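This report concerns only the one structure given below.
In my numbering, the protein residues as written are 137 to 282.
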């Protein structure tokens, strides 16, 4: 791919990752109902499997802040060319965890978003998959040509 197209594609990928991560910060940092449900569901699962029971209360109380902070750092690093690889790697690690929790815990792909039991139709999961692909492509495009 020619360099100018590679640069354009990279910026488009960064823009998508930034959009997804940044728009979720309001929910995570404000303790929104959706965030409480997500981290409460995962925390309950952690407590039920026993091995991670000690971490469940901590994950429930500060998980949204911790994950949101990591996403914010990833976005900042993505926008700085010299730290872009670190940002994409951090984004890939964080979003891999999100995808894991969607697939292998009671959170599920089509998750509950409120006390009434409404679901998001899988939107959050599919956006996570999009972020994963974008971060992987950013890393691929950062590889030297040759």
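Even glycine gets a Cβ: it sits at the ideal position worked out from N, Cα and C.
Computed from a predicted model, the values in this text were never measured in an experiment.
If you draw a straight line from the Cα of residue 166 to the Cα of residue 141, it is about 38 Å long.
In the DSSP assignment, residue 183 falls within the alpha helix (DSSP H) that extends over 169-185. The residue from 244, 185, 268, 182 with its alpha-carbon nearest to that of residue 149 is 268. Shortest Cα-Cα distance from residue 168 to any of 249, 262, 260 involves 249. By the criterion of a C-beta distance shorter than 7 Å, residue 273 is surrounded in its chain by 149, once the five residues flanking it on both sides are discounted. Residue 195 has its alpha-carbon roughly 10 Å from the corresponding atom of residue 189.
Collapsing the DSSP output to three states places residue 241 in coil. Across the structure, residue 203 and residue 230 are spaced so that their CA atoms are roughly 7 Å apart.
Under the 8 Å Cβ criterion, the segment 249-264 does not count as touching the segment 208-221, having fewer than three qualifying pairs. For the pair residue 233 and residue 211, the CB atoms are not nearer than the 9 Å cut-off. Among the bridge pairs identified by DSSP, residue 255 is matched with 248. Relative to residue 197, the option among 186, 156, 177 whose CA is nearest is 177.
Between the C-alpha atoms of residue 192 and residue 183 there is a straight-line separation of about 6 Å.
CA-CA distance, residue 139 to residue 216, rounds to 18 Å.
Residue 260 sits away from residue 181, with the two beta carbons spaced by 9 Å or more.
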